[in-house]
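Just so you know, we're using my numbering here: the sequence shown kicks off at 43 and counts up by one.
Glycine included, every Cβ here is placed at the ideal spot set by N, Cα and C.
Note that the structure is predicted; figures quoted are calculated from it, not measured.
In what follows, a structure is listed as structure tokens, so that the remarks can point back to it.
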Amino acid sequence: MIQRLAGAHDLVVGAVPGPLGYGMVRSVIDAGRDIVDISFFEEDPYPELDELARKRGVMALMDCGVAPGCSNLIMGAAQAELDSVESFSCWVGGLPIVRHQPFEYQAVFSPIDVIAEYTRPARLVENGKVVTREALSEVEHLDFEGAGTLEAFNTDGLRTLLRCDVPNMKEKTLRYPGHADKMRMLRDTGFFSTDEIEVRGVRIRPIDLTSELLFPAWHMGEDDEDLTVFRAEVEGRKGEKTIRRTYQMLDRLDRDTGTTSMARTTGFTCTAIVRAVEAGLFRQEGVWAPEAMGRTKGCFRFIFNQLAERGVVFHEKEEIEG
């Protein structure tokens with residue numbers, strides 16, 4: 043089915059829940075079609091999907107959302123413009139504007155992918171080595187204009203950035219304070235487990251029951267509004283100078299169209315990347331992530347200008363020492 047649908051088009055956009063992403067991307071590649079994907083699947087596309095894409099002569103761009111996505115573009119641009127990049131940090135989250143107890147959270151993308159953020163071990167880079175931390179760990183509190191004080195905790199969002207030669211990198215998810223403790227309690231008690239247990243003679247997976255209970259509580263109603271908060275900091279060297287760049291974005295639901303902020307920031311990034319491909323700014327066979335586009339002349343500004351035209355504005359600040 044997927045191969046037949048893909049075969050009728052020049053380029054495919056993949057936007058399915060994470061557990062379906064890898065197989066879907068593989069089918070599109072096997073059909074001999076380019077794909078831009080935002081499915082956030084857990085599996086590593088290297089080497090299998092990369093080799094298949096090169097064999098089929100097609101391009102697969104993965105993780106083309108806000109983070110991963112815009113964060114990767116920022117990293118790639120820094121690598122292209124600086125002599126070396128020494129550290130990279132990203133904080134990002136989608137939040138409801140009205141904080142409903144007890145979770146103070148509403149799922150603005152696939153809820154099963156939200157739970158995956160709370161269970162996948164988080165990979166960071168410290169002093170040049172990849173280290174693993176528990177998801178929801180190392181909570182810190184940060185202030186954001188327009189959003190207030192938020193908590194940030196480790197999640198596995200660096201993904202392909204782990205392949206970059208940068209000695210210190212981390213990615214954290216933002217929520218209202220207290221959310222991480224609640225999710226950690228559910229996870230550590232076993233509510234997110236995928237291992238079957240027997241309850242009164244019935245075999246069930248705890249994650250299935252938890253999902254059925256949580257998803258209605260996390261549902262965004264017609265009158266609910268969301269916001270997306272993003273901050274990325276990158277530091278490196280150019281000659282004898284230390285360069286620090288900070289990128290910040292705060293976006294809200296579009297009341298005129300009813301489009302959620304997460305849909306805007308993720309979807310518009312994806313379509314801007316599609317337009318960059320259409321414009322001939324990037325074309326390489328194999329599997330690629332947005333940092334490769336960030337390193338390619340013209341791509342970074344083209345994509346962020348496309349976002350700004352749609353009201354998703356990243357504010358950039360640069361500090362120079364030395």
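- Closest by C-alpha distance to residue 128, out of 152, 169, 90 and 104, is 169.
- Assignment of residue 110 by DSSP, reduced to helix, strand and coil, places it in the coil class.
- Taking a C-beta distance under 7 Å as the contact criterion, residue 211 and residue 167 qualify as a contact pair.
- By the C-beta density criterion, residue 225 is buried, having at least 16 other C-beta atoms within 10 angstroms.
- In the three-state reduction of the DSSP assignment, residue 347 falls in the helix class.
- The beta strand (DSSP E) runs lying completely inside the segment 233–307 and spanning 3 residues or more are 239–241, 244–246, 268–280 and 283–294, given in chain order.
- For residue 328, the secondary structure class from DSSP, reduced to helix, strand or coil, is strand.
- When C-alpha distances from residue 181 are compared across 164, 171, 189 and 187, the shortest belongs to 164.
- Assigned with DSSP and collapsed to three states, residue 116 falls in helix.
- With respect to the 7 Å criterion, residue 204 and residue 213 are not classified as neighbours on the basis of their beta carbons.
- Counting only runs that start and end inside the segment 146–206, the alpha helix (DSSP H) elements of at least 4 residues fall at 153–161.
- Going by DSSP, residue 138 is part of no alpha helix (DSSP H) but of the beta strand (DSSP E) stretching over 126–138.
- Residue 227 and residue 108 have their C-alpha atoms spaced approximately 28 Å apart.
- Between residue 60 and residue 98 a beta carbon distance of about 23 Å is seen, past the 8 Å cut, so the two are scored as non-contacting.
- Under DSSP, residue 56 forms a beta bridge with 79.
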